[in-house]
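Protein chains: 2
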Amino acid sequence: MPPASNREAILDAYERLLVEQGERAATVEAVARAAGVSKGGLLYHFASKDELADAAIERLHRVAAECAEEATAQPDGVIEVFLRDAVKTGDPLDLALGAVQALQQSGRYPQAKPALDAVVQGWVDMLTEGLGDPVLARLVAVLGDGLYFGAAFSGGGAGIATPPASEQELDEMIAAVQQLAALRGARG
Amino acid sequence: MPPASNREAILDAYERLLVEQGERAATVEAVARAAGVSKGGLLYHFASKDELADAAIERLHRVAAECAEEATAQPDGVIEVFLRDAVKTGDPLDLALGAVQALQQSGRYPQAKPALDAVVQGWVDMLTEGLGDPVLARLVAVLGDGLYFGAAFSGGGAGIATPPASEQELDEMIAAVQQLAALRGARG
DNA sequence: GTCTATATAGCGATAGAC
DNA sequence: GTCTATCGCTATATAGAC
Numbered sequence: 001m002p003p004a005s006n007r008e009a010i011l012d013a014y015e016r017l018l019v020e021q022g023e024r025a026a027t028v029e030a031v032a033r034a035a036g037v038s039k040g041g042l043l044y045h046f047a048s049k050d051e052l053a054d055a056a057i058e059r060l061h062r063v064a065a066e067c068a069e070e071a072t073a074q075p076d077g078v079i080e081v082f083l084r085d086a087v088k089t090g091d092p093l094d095l096a097l098g099a100v101q102a103l104q105q106s107g108r109y110p111q112a113k114p115a116l117d118a119v120v121q122g123w124v125d126m127l128t129e130g131l132g133d134p135v136l137a138r139l140v141a142v143l144g145d146g147l148y149f150g151a152a153f154s155g156g157g158a159g160i161a162t163p164p165a166s167e168q169e170l171d172e173m174i175a176a177v178q179q180l181a182a183l184r185g186a187r188g
Numbered sequence: 001m002p003p004a005s006n007r008e009a010i011l012d013a014y015e016r017l018l019v020e021q022g023e024r025a026a027t028v029e030a031v032a033r034a035a036g037v038s039k040g041g042l043l044y045h046f047a048s049k050d051e052l053a054d055a056a057i058e059r060l061h062r063v064a065a066e067c068a069e070e071a072t073a074q075p076d077g078v079i080e081v082f083l084r085d086a087v088k089t090g091d092p093l094d095l096a097l098g099a100v101q102a103l104q105q106s107g108r109y110p111q112a113k114p115a116l117d118a119v120v121q122g123w124v125d126m127l128t129e130g131l132g133d134p135v136l137a138r139l140v141a142v143l144g145d146g147l148y149f150g151a152a153f154s155g156g157g158a159g160i161a162t163p164p165a166s167e168q169e170l171d172e173m174i175a176a177v178q179q180l181a182a183l184r185g186a187r188g
């Protein structure tokens, strides 16, 4: 990496604040404090709050692309890879995704929705292609959403959704879906 | 209904603003304008913004209880009833749920999370009891979450999640899950 | 490149007229 | 029961010193 100085650290702090406390808490001053710089220091790197948001969206695109590359390279079936990734919390993709989602829900950043849609569309395409069964693909995609929101929201975080499945519960659920996949003669 | 005057109208407007534009947009002034009263008029009925939030949470509890009663009285299987309800948008429960969820994600209302948890716990209990298969019950619950967020977020609304299933896609998905239920010998 | 100080605007809440 | 006017606070953003 080139210098990058505090820029990346500020973005990290911004993402964390967005995910953990929502857009409203992610004030310029709060982000600066969390990143260990002053308000003025932050505003040198990001001239406005909107530029912070744009940078978070840009990072989401980058991280999602990296993860998609890794995922398709894996030996396990698509169902297992996708559902396990859905509950993975704390990794860069989860953070970037949660951050942009917080932006979206604040209603102040119209740029957020298209970005989220693009990321999700990539997953749906991957599943449809990998399974060869559109209905099953959608079922797995929706199940992944449910797991994601369950995992994302029940932590210190926000919202509704059933608690995140334990390791064992997740295993059982994956097994059940694979049971269904076998029954329907899908790949996967 | 007794007088109720503008109180209910204000609550309606508050819920709609929360769901459609997030907590940040639901300022006292904006809510008052949307309800067709002035700021002072609103603050007569709800002495503070927190009282507005409390009233929304109270309404959620009331509406959720009503819906639970209706749901258990229905002849169809739990799977079908639950998954179809998950995508129903615009009804009072959906609105109340989305509103409290917006409150929760803003991070300013600690009262929101327990309320949401209670509502969700009611659903999980209903499914576990109705199906007699804990793994399948969790799978259906998580699937419902996925559908709910898909439906709730892809409209004018907020967030991630795959687009809401069309009528036909939903039918196919329900059929697939019932296929799995039959395979596992669960009640329907 | 990072800081302090400050201008400006918006929001929540109060006071008091009607 | 509903309105207008206004105070106090907080947040964004700018200006300019170091």
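Here the protein sequences come in this chain order: A and B.
Under full-length UniProt numbering, the first sequence is numbered contiguously, ending at residue 188.
Under full-length UniProt numbering, the second sequence is numbered contiguously, ending at residue 188.
Just so it is clear, CB atoms sit at the ideal spot from N, CA and C, and this is done for glycine as well.
Since we're looking at a predicted model, the values are computed, not measured.
- Contact between A151/A and T72/A is absent: CB atoms are separated by about 22 Å, not below the 8 Å threshold.
- Per DSSP, reduced to three states, the secondary structure at Y148/B is helical.
- By the Cβ criterion, the stretch 115 to 133 of chain A is not in contact with the stretch 44 to 55 of chain A, since fewer than three pairs of Cβ atoms, one from each stretch, lie closer than 8 Å.
- Taking the Cα of E29/B as reference, the smallest distance to any Cα among E80/B, T128/B, L83/B and K49/B is reached at K49/B.
- Each residue's CA atom was taken as its position, placing E167/A and G144/A some 15 Å apart.
- In this chain, G107/B is not harboured by any alpha helix (DSSP H), its DSSP state being neither H nor E.
- Using a CB distance below 8 Å, the part of the stretch 132 to 149 of chain A facing chain B consists of V135, L136, R138, L139, A141, V142, L143, G144, D145, G146, L147, Y148 and F149, ordered along the chain.
- Using beta-carbon distances, E66/A does not count as an interface residue toward chain B, since no partner is under 8 Å.
- Annotation: the continuous alpha helix (DSSP H) that includes R33/B extends over V28 to A35.
- Taken in chain order, the complete alpha helix (DSSP H) segments of 4 residues or longer contained in the stretch 79 to 140 of chain B are 92 to 106 and 112 to 131.
- In this model, T162/A and V87/A are separated by some 12 Å (Cα to Cα).
- DSSP places D76/B outside any alpha helix (DSSP H), giving it a letter other than H or E.
- The criterion of a C-beta distance shorter than 8 Å is satisfied by L103/B and L18/B.
- When 8 Å is used as the limit between beta carbons, Q21/B is near these residues of chain A: G107, in chain order.
- When 8 Å is used as the limit between beta carbons, R24/A is near these residues of chain B: E23, R24, S106, G107 and R108, in chain order.
- Within chain A, the residues placing a beta-carbon under 8 Å from that of M173/B are V135, R138, L139 and V142, ordered along the chain.
- Under the 8 Å criterion on CB atoms, E169/B is classed as interfacial with respect to chain A.
- Here Q101/A is buried: its Cβ has 16 or more other Cβ atoms, across all protein chains shown, within 10 Å.
- Spanning the alpha carbons of D76/B and R184/A requires a straight line of approximately 24 Å.
- When only Cα atoms are considered, G98/B and A181/A end up about 33 Å apart.
- Judged by beta-carbon spacing, A64/B lies beyond the 8 Å limit of G146/B, meaning their Cβ atoms are not closer than that value.
- The beta-carbon of Q179/A is placed less than 8 Å from the nearest beta-carbon of chain B.
- By the 16-neighbour rule on beta-carbons within 10 angstroms, Y44/B is exposed.
- Around A32/A, the same chain offers S38, K39, G41 and L42 as residues with beta carbons nearer than 7 Å, after the five sequence neighbours per side are excluded.
- M173/A is positioned such that its CB atom lies closer than 8 Å to that of V135/B.
- Within chain B, the residues whose beta carbon sits less than 8 Å from that of A176/A are V135, L136, L139, L180 and R184, listed in sequence order.
- Of all residues in the stretch 117 to 133 of chain A, those with a C-beta nearer than 7 Å to a C-beta of chain B are V120 and V124, reading in chain order.
- Per the C-alpha coordinates, the member of E8/B, N6/B, A26/B and A141/B positioned closest to R84/B is A141/B.
- Taking 7 Å as the upper bound on Cβ-Cβ separation, chain B lies near no residue of the UniProt DNA-binding region "H-T-H motif" (27 to 46) of chain A.
- Rounded to whole angstroms, A35/B and P110/B show a C-alpha spacing of 26 Å.
- Proximity of A102/B to chain A, defined by a Cβ-Cβ separation below 8 Å, is satisfied.
- Burial state of Q74/A is exposed, judged by a 10 Å Cβ sphere holding fewer than 16 other Cβ atoms.
- Against chain A, the beta carbon of T162/B has neighbours under 9 Å at V120, Q121, W123, V124, R138, A141, V142, G144 and D145, listed in chain order.
- With 16 or more other Cβ atoms inside 10 Å of its own Cβ, E15/B counts as buried.
- If you ignore the 5 residues before and after A186/B, its C-beta comes within less than 8 Å of the C-beta of L131, G132, D133 and L136, all in its own chain and listed in chain order.
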